[in-house]
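One structure is given here, and the rest of the page talks about it.
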Ligand SMILES: [Zn+2]
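Residue numbers (this note's numbering): 122 to 494.
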């Protein structure tokens, strides 16, 4: 029995506009080859006692008598009939790419972003409502000393980011900032900042942070993802990944290999690059905000030690799952400390020295204990 896909293909090609018909062989040479094989098999069956080649089907495109039974992707690409379309796609694509390159703050890395800010904010709002629904039972009141402390630390980080000349201020101003501390002893250590200014900090990460500088390390890293618009950067690459995956599927015919290749060669390195960038931006911003950058190295060391411990118990730390290897991260942080320290010294930090004191002992509970209280 022929598959539904094979039976509908001739109808689809006969009504497809010229431009689509020109593009079709780029992505469906495997399908056409299979169709050719199917037709030839049936003609063999019907004429097994006659000349087996008498009614053999040959796929003719644009009446050029060219047999595509062995056509490859490369044949389709080099076919002069497809060239104009290819040039158009490549030219238009390059122009679109170049005109949508935007510079990240602090690191000054140029990256491709075409997703509008409105979509990013919409996704942030959607995620916020869903996370709020899940965590609302355990959210500390805004007046709770821990909530107020986290809020003050975060406010200093935001204020410092505004003083950085490379930061796009429209990403900060006018947002409805909300800080939620989730006191759930069963939740793993985690923290994140959503597009649109909603911040979640799980109490179990505070034991790893241990002090204000430690909390600032985690918060500034998460805030850096938003300053650099990493959500939009990831979404902007999605169509490219789909195209690569389609191309790989046309070549290999195996879906599993495509996922392995696109994940291993494209998505994971891109994710690690954004994580490293968030580490760098976060470190510079926290230093500007008068938090001691040296503490960041210790925080990631404690995070790595904690991860080793929970992994030994068969669990994994979600917060670190997409992050670079701990050793690499600690090495990077150490390398950047010189620049971070000079920013720290240039900032008017004495004014803040007694601003946040008094509540540090609250954070010394280890994350393996039953929460903060
Ligand atoms: Zn991150």
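Every residue gets a Cβ at the ideal spot worked out from N, C-alpha and C, and that includes glycine.
Secondary structure of residue 323 (DSSP, three-state): strand. For residue 207, no beta strand (DSSP E) encloses it; the enclosing alpha helix (DSSP H) starts and ends at 201 to 220. In this structure, residue 314 sits away from residue 351, with a CB-CB distance that is not shorter than 8 Å. Contact annotation: residue 323 and residue 305 have beta-carbon atoms nearer than 8 Å. For residue 288, the secondary structure class from DSSP, reduced to helix, strand or coil, is coil. In this chain, the alpha helix (DSSP H) harbouring residue 460 covers 447 to 467. For residue 342, the distance from the CB to the nearest heavy atom of ligand 1 is below 7 Å.
In the DSSP assignment, residue 233 is bridged to 222. Under the three-state reduction of DSSP output, residue 372 falls in the helix class. Residue 232 sits buried, since 16 or more C-beta atoms from the chains shown fall within 10 Å of its C-beta.
Of the other Cβ atoms in all chains shown, 16 or more fall within 10 Å of the Cβ of residue 451; this residue is therefore buried. Using a Cβ distance threshold of 8 Å, residue 303 and residue 332 do not count as a contacting pair. Residue 315 has 319 as its beta-bridge partners, per DSSP.
In this structure, 316 is the residue among 415, 311, 316 and 286 with its C-alpha nearest to the C-alpha of residue 298. The criterion of a C-beta distance shorter than 8 Å is not satisfied by residue 418 and residue 341. Pairing residue 355 with residue 204, the inter-Cα distance amounts to about 31 Å. Counting along the chain, the unbroken alpha helix (DSSP H) around residue 406 starts and ends at 389 to 409.
Comparing alpha-carbon positions, the option among 336, 424 and 365 lying closest to residue 412 turns out to be 336. Residues of the same chain with a CB within less than 7 Å of the CB of residue 308, apart from the 5 flanking positions on each side, are 323 and 325 in chain order. Scanning 362, 348, 391 and 206 for the CA closest to the CA of residue 229 turns up 348.
Collapsing the DSSP output to three states places residue 299 in a strand. DSSP, read as helix, strand or coil, puts residue 293 in coil. For residue 399, the shortest C-beta to heavy atom distance toward ligand 1 is below 7 Å. Just so you know, the alpha carbons of residue 292 and residue 371 end up roughly 41 Å apart.
With a contact defined as Cβ atoms closer than 8 Å, residue 397 and residue 453 qualify at about 6 Å. DSSP places residue 412 outside any alpha helix (DSSP H), giving it a letter other than H or E. Of the candidates 217, 202 and 301, the residue whose Cα lies closest to the Cα of residue 264 is 301. The beta carbon of residue 284 sits closer than 7 Å to those of 409, all from its chain and outside the five residues before and after it, given in chain order.
Burial is judged here by how many other beta carbons sit within 10 angstroms of a residue's own beta carbon; residue 414 has at least 16 and is buried. Residue 396 has its CB nearer than 7 Å to a heavy atom of ligand 1. Nearest to residue 344 by alpha-carbon distance, out of 459, 373, 403 and 420, is 403. The beta-bridge partner set that DSSP reports for residue 260 consists of 303.
Short of 6 Å from the beta carbon of residue 423, and not among the five residues preceding or following it, lie these beta carbons of its own chain, in chain order: 329.
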